[in-house]
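Quick note: the sequence shown uses my numbering, first residue 24, plus one each step.
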Amino acid sequence: MTKSRAGFFAILIVVAAATAGVMWLFLNIHDRKEEAQEVAFRLVNLTEDTVDPAEWGKNFPRQYDGYRRTVDTVRTRFGGSEAFQKLDTEPALRRIFAGYAFSLDYREERGHAYMLSDQDETRRVLEREQSGACLHCHSSIIPTYRKIGNGDIQKGFEDVCAMPYAEARKLVDHPIACVDCHDPKTMSLRVTRPGFLNGIKEAMRARGIANYDPNTMATRQEMRSYVCGQCHVEYYFKGDRKTLTYPWHRGWKVEQIEAYYDSVGFADWTHSETGAKVLKAQHPEFEMWNQGIHARSGVACADCHMPYMRDGAIKISDHHVRSPLLNVARACQTCHPQPEAEMIGRVDQIQERTRQLMDRTEAALLALYDEVAGARTRGASASALAPVLALQRKAQFRFDFVAAENSMGFHAPQEAARILGEAIDYARQGQVAAARSAR
Ligand code: HEC
Ligand code: HEC
Ligand code: HEC
Ligand code: HEC
Ligand code: HEC
Numbered sequence: 024m025t026k027s028r029a030g031f032f033a034i035l036i037v038v039a040a041a042t043a044g045v046m047w048l049f050l051n052i053h054d055r056k057e058e059a060q061e062v063a064f065r066l067v068n069l070t071e072d073t074v075d076p077a078e079w080g081k082n083f084p085r086q087y088d089g090y091r092r093t094v095d096t097v098r099t100r101f102g103g104s105e106a107f108q109k110l111d112t113e114p115a116l117r118r119i120f121a122g123y124a125f126s127l128d129y130r131e132e133r134g135h136a137y138m139l140s141d142q143d144e145t146r147r148v149l150e151r152e153q154s155g156a157c158l159h160c161h162s163s164i165i166p167t168y169r170k171i172g173n174g175d176i177q178k179g180f181e182d183v184c185a186m187p188y189a190e191a192r193k194l195v196d197h198p199i200a201c202v203d204c205h206d207p208k209t210m211s212l213r214v215t216r217p218g219f220l221n222g223i224k225e226a227m228r229a230r231g232i233a234n235y236d237p238n239t240m241a242t243r244q245e246m247r248s249y250v251c252g253q254c255h256v257e258y259y260f261k262g263d264r265k266t267l268t269y270p271w272h273r274g275w276k277v278e279q280i281e282a283y284y285d286s287v288g289f290a291d292w293t294h295s296e297t298g299a300k301v302l303k304a305q306h307p308e309f310e311m312w313n314q315g316i317h318a319r320s321g322v323a324c325a326d327c328h329m330p331y332m333r334d335g336a337i338k339i340s341d342h343h344v345r346s347p348l349l350n351v352a353r354a355c356q357t358c359h360p361q362p363e364a365e366m367i368g369r370v371d372q373i374q375e376r377t378r379q380l381m382d383r384t385e386a387a388l389l390a391l392y393d394e395v396a397g398a399r400t401r402g403a404s405a406s407a408l409a410p411v412l413a414l415q416r417k418a419q420f421r422f423d424f425v426a427a428e429n430s431m432g433f434h435a436p437q438e439a440a441r442i443l444g445e446a447i448d449y450a451r452q453g454q455v456a457a458a459r460s461a462r
C-alpha cells in the first residue's frame, strides 16, 4: 500500500467511527425524548389529593411496581429489611436506653411499604403515650394537614402534632406515597414535609442564606437527596404542642446539633440508672451523608438507593428503595469499575471497623454507669456527680448518632470514627471523674 492510500483508509476509519458516534448519540437523544414523553401518557388525572399510589400506578406502572417491591425482607450483614429485635442482638442497648421507650422495642428498619403498620404495632406506641407528630414521616399526610389547617399546611401540621397519636392516626390511610415526592401535574421532584422545609431554612440561615426554599432554589441533584432528607434525619418534639423540629439551627454536625439542644435545655429522657438528662439520636442519614466523600462529590441518596434501570427501551429510577448491597451492579458499578466482590469488600471493611468502635463505645458507657452506681453507694453528692452526668450525655449522644444512623458508618466513614472516638473519650473521662467523686 502506498502512503497516500494508507492515509485514505485512516481517514475513512476515523469518519466511520465519528458517524457511528453521532448515530449513537442521536439514538440516545431519541431514547431520552421518548422517556420524557412517557410522562405525557395520562390515564388518570392526578391531583394533590390523590394519595393512593395505585392510582398513580395506572399512569406509571413501572415505578409503582418498584414501590410495591419494598415489602421484601432480605437481610444484609449490617442492614437489610428483616425487622429483627435489636435489643436482643445488642443487649447493651437495653441499659443505654434505660427508662426510655426504646428499651421496650427497637427493631431493624425495613421497606417503605411497612412504615405505617410498623409504627402502629411497636410497643413504643402501644405502651407509651405518643403524639400525632410521629405520623409526619410515616404516612402520606399533607392533604390531612391542608384539611385540618383550612388550607394552611403549616397550621394543620402544628395542630396534628399536638393531637394524641390515636386521634391523628384516624386521619391517614397510606404510608409514603408518590404525591410526597412528586408534583402531580409535572411529576417533577419536590419536598412537601413542613419539618424539612422549616429545618433546612434554619440550616441555610446558619450558612448565611435567607429564606431558603428548596422547591425553587435547589438543583435537581440536590432534590435527589432532599426528598429523602424529609424523613431520614434527627428530630425532636418542641414544647407542649410537640411541634416536630429538625435541630439544624447551627449546622448538621453532631456537636452543632448537641449545641442547639444544650441551648434550648432539651433532653429526651432521664436515664433511669444514672439520672443523667440524655438525648436520643434518630436515623441521621441525611446529616451523616453530608459529611462524607459521596456528598462532597455530588452523589445523591437516589444515586445509590434508587439507581437507574432499563426496562426495555425505557430508563427509569428504581423505586424499590433498599440496601444498595443487594444491587451493587446498578448502585455502585455505574461509577466504580471494580468488580462486585471488591465493592462489597470495601463496604464490609468500613462497616466492620465501625462496628468494632461501637462495641468499644458500648463497653465504655456500661463501665461509666457501673462507676456512677458505685460512687452513689459510696455517698457521692449530686453536685459531685453533675459533671459526670454531663459527660454521659455527650458520650451517649455521640454513640447513638452513629448507632441510629443506618449505614454502619458507610455514609461518612471517617466522620463516624471521629464521633465514636470522642464518645469513648467522654465515657472514660466520666468513669474516671465518677471514681474520684467519692473516695
Ligand atoms: C454512595 C452510595 C450511597 C449514598 C449516596 C447513600 N447511601 Fe445509604 N447506604 C449505602 C450503603 C452501602 C448502605 C449499607 C447497606 C447495608 O448495610 O445493607 C446504606 C444504608 C442505608 C440505610 C439502611 C439500609 C438498610 O438496609 O438497613 C438507609 C436508611 C440509607 N442508607 C439512607 C440513605 C439516605 C437517606 C441517603 C442520602 C441522605 C443515603 N442513604 C445515601 C449507600 C449509600
Ligand atoms: C423525622 C421523621 C420521623 C419521625 C417524626 C418519626 N419517625 Fe419513625 N422512623 C423514621 C425513619 C426514617 C425510620 C427508618 C430508619 C430507622 O428505623 O432508623 C423510622 C423507623 C421507625 C420504626 C421502625 C424501626 C424501630 O425503631 O423499631 C418505628 C417503630 C418508628 N419509626 C416509630 C416512630 C414513632 C413511635 C414516632 C413518634 C415518636 C416516630 N417513629 C417518628 C422517621 C421518623
Ligand atoms: C415520609 C418519610 C420518608 C421518606 C420521604 C423516605 N423515607 Fe426511607 N424510610 C422511612 C421509614 C419510616 C422507614 C422504615 C419503615 C419501617 O421500618 O417500617 C424507611 C426505610 C428506608 C430504608 C430501609 C429499607 C430496607 O429495606 O431496609 C431505606 C434504604 C430508605 N428508607 C431509604 C430512603 C431513601 C433513599 C429515600 C429518598 C429517595 C427515602 N428513604 C425517603 C421514611 C421515609
Ligand atoms: C421518596 C421519594 C419518592 C417517592 C415516594 C416516589 N418517587 Fe418517583 N422518583 C423519585 C426520584 C428521586 C426520582 C428521580 C427523579 C430525577 O432524577 O429527576 C423519581 C422519578 C420518577 C419518575 C420519572 C422517571 C424515572 O423513573 O426516573 C416517575 C414517572 C416516578 N418517579 C413515578 C413515581 C410513582 C408512580 C410513585 C408512587 C408509586 C413514585 N414515583 C414515588 C422519588 C420518589
Ligand atoms: C454517582 C457516582 C457514584 C456512585 C453511584 C457510587 N460512588 Fe462511591 N465514590 C464516587 C466518587 C466520585 C468518590 C470519590 C472519589 C474521590 O474523590 O477519590 C467515591 C468514593 C467511594 C469510596 C471511597 C471512600 C473514601 O472515604 O475514600 C468508596 C469505598 C465507595 N465510593 C464505595 C461505593 C459503593 C459501595 C457504592 C454503591 C453502594 C458507591 N460507591 C456508589 C462516586 C460514586
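Every residue, glycine too, gets a C-beta built ideally from N, C-alpha and C.
- The nearest non-hydrogen atom of ligand 1 is 8 Å or more from the C-beta of G89.
- When DSSP assignments are scanned along the region 62-102, the uninterrupted stretches of alpha helix (DSSP H) that are 4 or more residues long and fall wholly within it turn out to be 76-82, 84-91.
- Between G453 and E394, the CB-CB gap stays under 9 Å.
- With contacts defined as CB atoms closer than 9 Å, N238 and W275 fail to qualify as a contacting pair.
- Taking all protein chains in view, the Cβ of I171 is crowded by 16 or more other Cβ atoms within 10 Å, so the residue is classified as buried.
- In this structure, A457 sits near L408, with a CB-CB distance shorter than 9 Å.
- Take the alpha-carbon of E105 and the one of R92: they are about 14 Å apart.
- Environment of ligand 5, chain-ordered: I316, H317, S320, V322, D326, C327, P347, A354, C355, T357, C358, H359, M366, R369, V370, P436, taking every residue with Cβ within less than 6 Å of a heavy atom.
- Annotation for K109: the continuous alpha helix (DSSP H) segment containing it runs 109-112.
- In the structure shown, W292 adopts extended strand secondary structure according to DSSP, grouped into three states.
- Using a cutoff of 8 Å, the CB of H306 counts as near ligand 2, since one of the ligand's heavy atoms is closer than that.
- In the DSSP annotation of this structure, the continuous segment of the alpha helix (DSSP H) that includes Y249 starts and ends at 243-252.
- Nearest neighbour of L116 by Cα position, chosen from A387, Y449, A396, turns out to be A387.
- A distance of 9 Å or more separates the beta carbons of S248 and P198.
- Contact between the region 215-229 and the region 166-182 is present: three or more C-beta pairs spanning the two stretches fall below 8 Å.
- Between ligand 2 and the CB of D141, the shortest heavy atom gap is smaller than 8 Å.
- For the region 152-192, the full-length alpha helix (DSSP H) segments reaching 4 residues or more read 165-171, 176-184, 188-192 along the chain.
- The continuous beta strand (DSSP E) containing F260 extends over residues 259-261.
- Spanning the alpha carbons of I280 and S430 requires a straight line of approximately 20 Å.
- The closest CA to that of M332, considering only P114, D88, A189, Q437, is found on D88.
- V250 is positioned such that its CB atom lies closer than 9 Å to that of C204.
- Between the region 369-383 and the region 437-448, the count of C-beta pairs closer than 8 Å reaches three or more; the two stretches touch.
- The alpha helix (DSSP H) runs lying completely inside the region 388-450 and spanning 4 residues or more are 405-426, given in chain order.
- Looking at the backbone, the Cα of L139 and that of H359 are separated by about 36 Å.
- D75 has its Cβ no nearer than 8 Å to any heavy atom of ligand 3.
- Only residues of its own chain outside the window of five on either side were considered, and among them Q244, R247, S248 have a CB closer than 7 Å to the CB of A323, listed in chain order.
- Secondary-structure assignment with DSSP links R130 through a beta bridge to Q108.
- Per DSSP, the unbroken beta strand (DSSP E) holding L267 starts and ends at 266-268.
- Taking non-hydrogen atoms of ligand 2 into account, the C-beta of S248 is found less than 8 Å away from none of them.
- The count of Cβ pairs closer than 8 Å, one atom from the region 65-74 and one from the region 345-353, stays below three, leaving the stretches out of contact.
- Y129 places its beta carbon less than 9 Å from that of K109.
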